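Student: Residue numbers (full-length UniProt numbering): 1 to 333. Here it is, the structure, as structure tokens.
This is how it looks when you write it as structure tokens:
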């Protein structure tokens, strides 16, 4: 089984080594067409990530960089930097210059492991949010930690096993320089299944979040004395969570679709479009909506502080260290 890492038409002849395979076999033509189409999607990935970063940079500067640093700040910056790096890497290997098999292999491993690491970081962010929503009981924290660790370790082990013995090879196909990564069919299937443990974690996280929000609003309705500020806080939490989960659900469906041999082992245009849209969904979920899990809470916290400074009596629910762990206090001016 072969997967492309780099394919581009070179503007000038390149001095190939004796190890470089040169072929004009027509059976490669569908593969070349598929790879060229995927290179256009790579530009879309880069555009989406960079555009979102530029769009939210002012908000990010005020709510993240200017605030006191915390563990959540580090997570946010890591996710954001990995998103930018991931998109740059994808674009760079589609630029018109030759890369060696060793460089191609490094690029492949980065593209395989970055989603695992980023989803683990987003899982920690989600765990802290749910832990805060439930009032920070130790049993809930332990439960969430066990599930998240199990999910992350399972995905990591599957990724490691799916890439054991992977090799790269340079080829020249009809004037296109290609760097291909080779592994067997079982490894390919295992790589496509690495999303399953993360899917289980995300479904559990969403159910727990929805359950506590429903329970909270029922209590507010029964008491009729509950703070609207508290209700607004839970609304902000569940809205950002819902958008993120919706994006993840789409990515999960696309990921499960990759288990089909009609998509995974096909070089058709339809297969390329499917994989391209899967990549777009993955970028949106991890690098656009992921950082907003933190930005939305910090923006709400900033509004509460502004209202408090104006002398409004309220119940403030914020996150410790700039908006990261839930607690309550009243501010009567």
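Don't be surprised by glycine CBs; every beta carbon is placed ideally from N, CA and C. Small disclaimer: the values here were computed from a predicted structure and weren't measured.
Taking C-beta to C-beta, are residue 79 and residue 290 nearer than 7 Å?
Tutor: yes
Student: Let me check understanding here. Comparing Cα to Cα, which of 110, 207, 268, 46 lies closest to residue 91?
Tutor: 46
Student: Consult DSSP for residue 172 and reduce its assignment to one of helix, strand or coil.
Tutor: strand
Student: Out of 195, 41, 294, point me to the one whose CA is closest to residue 67's CA.
Tutor: 294
Student: So residue 22 is in the beta strand (DSSP E); what residue range does that whole segment cover?
Tutor: Residue 22 -> beta strand (DSSP E) spans 21-23.
Student: Are the Cβ atoms of residue 21 and residue 204 separated by less than 7 Å?
Tutor: Taking 7 Å as the Cβ cut-off, residue 21 and residue 204 do not qualify as a contacting pair.
Student: Name the two residues that bound the continuous alpha helix (DSSP H) containing residue 45.
Tutor: 29-60
Student: Nearest-angstrom Cα distance between residue 161 and residue 140?
Tutor: 32 Å
Student: Tell me, to the nearest whole angstrom, how far the beta carbon of residue 155 is from that of residue 185; I am working on the premise that it is less than 8 Å.
Tutor: Contact doesn't hold; Cβ gap of about 20 Å is too wide.
Student: Drop a sphere of 10 angstroms on the beta-carbon of residue 87, count the other beta-carbons inside from all chains shown, and report buried for 16 or more, exposed for fewer.
Tutor: buried
Student: Mark residue 105 as exposed unless 16 or more other C-beta atoms lie within 10 angstroms of its C-beta, in which case mark it buried.
Tutor: buried
Student: If I follow the unbroken alpha helix (DSSP H) through residue 129, where does it start and stop?
Tutor: 101-133
Student: Tell me the rounded alpha-carbon separation between residue 17 and residue 111.
Tutor: Low per-residue confidence applies at residue 17: pLDDT is 49, beneath 50, and the placement is therefore not dependable enough to give any value.
Student: By Cβ distance below 8 Å, which residues in the same chain neighbour residue 210 in space, the five residues on each side in sequence not counted?
Tutor: 238
Student: Have a look at 246, 23, 38, 116 and flag the residue whose alpha-carbon is nearest the alpha-carbon of residue 270.
Tutor: With distances taken between Cα atoms, residue 270 lies closest to 38.
Student: Given this structure, state the Cα-to-Cα distance separating residue 281 from residue 267, to the nearest angstrom.
Tutor: 21 Å
Student: What do you reckon, are the CB atoms on residue 285 and residue 247 nearer than 7 Å?
Tutor: The beta carbons of residue 285 and residue 247 sit closer together than 7 Å.
Student: Go through its chain and collect everything with a Cβ distance to residue 28's Cβ below 8 Å, but skip five positions before and after it.
Tutor: 173, 174
Student: Which residues in the same chain as residue 206 place their Cβ atom closer than 6 Å to its Cβ, once the five residues preceding and following it in sequence are excluded?
Tutor: 245
Student: Assuming contact is defined by CB atoms lying nearer than 7 Å, are residue 41 and residue 257 in contact in what I supplied?
Tutor: no
Student: Following the continuous alpha helix (DSSP H) through residue 143, name the residue where it begins and the one where it ends.
Tutor: 138-162
Student: Rounded to whole angstroms, what is the Cα-Cα separation between residue 61 and residue 236?
Tutor: Answer to the nearest angstrom: the Cα atoms are 21 Å apart.
Student: Would the beta-carbon of residue 192 fall within 7 Å of that of residue 259?
Tutor: yes
Student: Could you round the C-beta distance between residue 152 and residue 120 to whole angstroms and report it? I think they count as a contact, below 8 Å.
Tutor: The Cβ separation is near 4 Å, so the contact holds.
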